[in-house]
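Notes to accompany the following structure.
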Amino acid sequence: IDELYASKARHDERCAQDAKLLRETVEQHLYSYLNTKYGLKQLITRDVDACLDAVRRFSAEDNDVATFGAILRNEVDEPFRLVQRQLKETVRALLTAHLKGRHPHKSDAQVESAVLA
7 IDELYASKAR
17 HDERCAQDAK
27 LLRETVEQHL
37 YSYLNTKYGL
47 KQLITRDVDA
57 CLDAVRRFSA
67 EDNDVATFGA
77 ILRNEVDEPF
87 RLVQRQLKET
97 VRALLTAHLK
107 GRHPHKSDAQ
117 VESAVLA
């Protein structure tokens, strides 16, 4: 997922610099990305099917996968993933600060371990 997002960001940058290039949705870019990577229709189809299957299977367990699926289906805007990432970082920082306040004698490593648990 991160590899596809990075490739999409590079493509969007090229589009911003060259007005002749058309922007792609994440779904369109998935096909373009795999076409560039493999070039064979059978491999592209296989990996798209595997990706969609994985999204269906793991969306209930992993919020990042659920967000990717929603972006892929154009249910939310692409920049939402950045908002989600910032929200996760903020919650993590607040939890870390809260745990340090409640347990001032614990080391940073112990607090970080508790945050990750």
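Position 6 (the sequence shown) corresponds to 12 in my numbering; numbering is contiguous. Each residue gets a CB set at the ideal place from its N, CA and C atoms; glycine is no exception. All values derive from a computational prediction rather than experimental measurement.
In this structure, Leu78 and Val89 do not form a Cβ contact; the two beta carbons are roughly 17 angstroms apart against a cut-off of 8 angstroms. Sorting Lys26, Asn41, Asp83 by C-alpha distance to the C-alpha of Ser13 places Asn41 at the top. Here Leu27 really is in contact with Arg20; their C-beta atoms are around 6 angstroms apart, less than 8 angstroms. Under the DSSP assignment, Glu95 falls in the alpha helix (DSSP H) whose first and last residues are 86-108. For Arg20, the uninterrupted alpha helix (DSSP H) run begins and ends at 8-23, by DSSP.
Non-local beta-carbon contacts of Ile7 in its own chain, meaning distances under 6 angstroms to residues more than five positions away in sequence, involve Phe74 in chain order. Between the alpha carbons of Arg29 and Tyr37 lies a distance of about 13 angstroms. In this chain, Asn80 is not harboured by any alpha helix (DSSP H), its DSSP state being neither H nor E. For the options Gln34, Ala22, Glu118, Asn69, the alpha carbon positioned closest to that of Asn80 is the one of Gln34.
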